[in-house]
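Novice:
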Amino acid sequence: MKLYRMELYKLCHRKIVIISAFFMFVIQMLFCAMKVSEEWTCVDGVLYNGYEAIEKNRQITEEFQGVLTDEKVNAIVEKYGFPQEVAQNYGNYRDGNYLNVFVAEHLSDGFFHGWNEGEYRIATRTYPIANTELGAARELTGQEIVLEYTNGCSVFADMLNGGTVLSSILILFMASVLFAGERQTKMIPLLFTSKEGRKKDIYMKIAAVFTVTVCIWSVMVLSCFILCGAIYGFDGLDSLVGMTKITLGLLAKSWSVSIWTVRHFLAVVMFRSFISVIMLCATTIYISARCRSSFHAVYIALMFWGLPLLLWFILPDFGIKILIYATPLYQGMCDTIFDISGIWPMLAQIGVAWSFFCVVIAGFKYKKQQTE
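One gets the working numbering by counting positions in the sequence shown from 1 and adding 9 to each.
#1: With 16 other CB atoms within 10 Å as the buried threshold, where does H115 fall?
#2: Taking just the CA atoms, how far does Q37 sit from S267?
#3: Can you find the residues in the same chain that come closer than 7 angstroms, C-beta to C-beta, to L56, ignoring five residues on each side of it along the sequence?
#4: Buried or exposed: which applies to S29, given that a residue is buried once 16 or more other Cβ atoms fall within 10 Å of its Cβ?
#5: DSSP three-state label for T222, please.
#6: My assumption, with CB atoms under 8 angstroms, is that L17 sits in contact with T220. Please give the rounded CB distance.
#7: Can you check the stretch 258 to 303 for any alpha helix (DSSP H) of at least 4 residues that lies completely inside it and give the ranges in chain order?
#8: Which residues does DSSP list as the beta-bridge partners of R130?
#9: As a quick exercise: from T336, I309, S303, E153, pick the residue whose alpha carbon is nearest that of W321.
#10: Which two residues bound the contiguous beta strand (DSSP E) that contains Y57?
#11: When the Cβ atoms of the stretch 268 to 280 are set against those of the stretch 249 to 256, are three or more pairs found closer than 8 angstroms?
#12: When burial is assigned at 16 or more other CB atoms within 10 Å of the CB, is A386 buried or exposed?
#13: Are the beta-carbon atoms of M342 and C237 separated by less than 8 angstroms?
#14: Thinking just about the alpha-carbon of each residue, which of C51, N106, L175, V186 is nearest to the one in C300?
#15: Could you please give the first and the last residue of the uninterrupted alpha helix (DSSP H) stretch that includes T50?
#16: Three or more beta-carbon pairs under 8 angstroms between the stretch 141 to 158 and the stretch 227 to 236, yes or no?
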């Protein structure tokens with residue numbers, strides 16, 4: 010246990026790790042603040058912005074939340090009307106709120122794709138739920154459509170995206186010195202002749218780096234959850250993904266994912282985010298075991314992590330590209346689930362198998378370093 014604690018200290022006490030963790034938290038806070046500032050709502054002719062808009066949208070949604078019915082839709086239109094004003098560079102209807110914009114987009118003859126003429130149409134009437142995509146989703150899933158305030162879920166997904174990237178960078182810098190750092194400082198002969206022995210030393214190093222990786226990821230997810238919950242509330246988990254800002258409409262990207270509940274969607278993307286950081290950690294361990302200096306380990310690990318983004322634009326065939334979705338970078342992207350909704354479990358299994366392979370090979374390689 011003493012060796013394990015020592016390895017934890019060696020990984021976490023470095024200034025670059027502490028500074029990176031601090032900046033990761035600050036960036037997440039700033040991103041959340043930016044998302045809050047982007048929300049607006051217009052209720053009874055009064056325009057609200059930022060946190061006030063969030064509170065107002067949550068308040069007006071409480072009256073109609075629950076199973077969505079045609080009566081509720083008509084009541085929303087009767088109380089708030091259809092949004093009418095389109096302002097350039099504003100992103101949506103200037104005089105809309107969460108409820109009447111939702112009705113205009115999903116249950117009316119209106120649409121909004123942009124602020125230029127012909128890219129939007131002001132709604133004039135509603136359609137019965139059964140005659141819309143929401144009705145088709147209800148028939149296919151066998152579940153009622155639930156209306157809730159979902160903007161917090163959308164922000165959480167965005168923060169998870171960014172948080173996974175930031176966590177990956179921190180994990181990469183931390184794990185790259187695991188073995189390479191000992192080799193660079195010529196500590197291997199001393200460690201391998203110690204009372205603990207080389208075998209236990211390897212086990213404790215790997216256990217420590219995975220412990221820190223899991224802690225970094227858990228703190229990141231927990232901070233996103235607490236921030237979004239405190240500001241936006243915890244509603245929206247029972248709504249469909251296609252009803253949220255996570256995707257633009259039920260059929261915009263993938264019908265199969267769009268009819269998932271938000272609860273299901275977030276569980277899947279969080280699991281894939283976890284797989285991505287575990288894969289990156291395991292791969293960096295392997296790279297560290299083969300490199301003679303921490304600099305080379307960091308450089309190669311960064312190349313491995315970012316290379317799939319370049320390959321995506323170079324490779325011509327989607328069938329070949331599908332394996333890119335199994336890499337740490339793409340496993341951590343929430344939006345990629347829309348492209349691989351049917352095979353994401355297989356890609357996750359590939360990630361687990363790859364991680365196991367990297368750790369085992371890294372252990373064997375590190376054991377041989379005393380004689381090299």
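Ideal Cβ positions, reconstructed from N, Cα and C, are used throughout, including at glycine. Quantities reported herein were computed from a predicted structural model and do not represent experimental measurements.
Specialist: Concretely, from the data shown:
#1: Counting Cβ neighbours within 10 Å, H115 comes out buried, since at least 16 surround it.
#2: Here the C-alpha atom of S267 lies approximately 27 angstroms from the C-alpha atom of Q37.
#3: W49
#4: buried
#5: Helix, per DSSP.
#6: 7 angstroms
#7: Runs found: 264 to 267, 271 to 299.
#8: F120
#9: T336
#10: 55 to 58
#11: yes
#12: Nothing can be reported for residue 386: it is not among the residues displayed for the chain, which extend from 10 to 381.
#13: no
#14: V186
#15: Where T50 is concerned, there is no enclosing alpha helix (DSSP H), although the beta strand (DSSP E) it sits in stretches over 49 to 52.
#16: no
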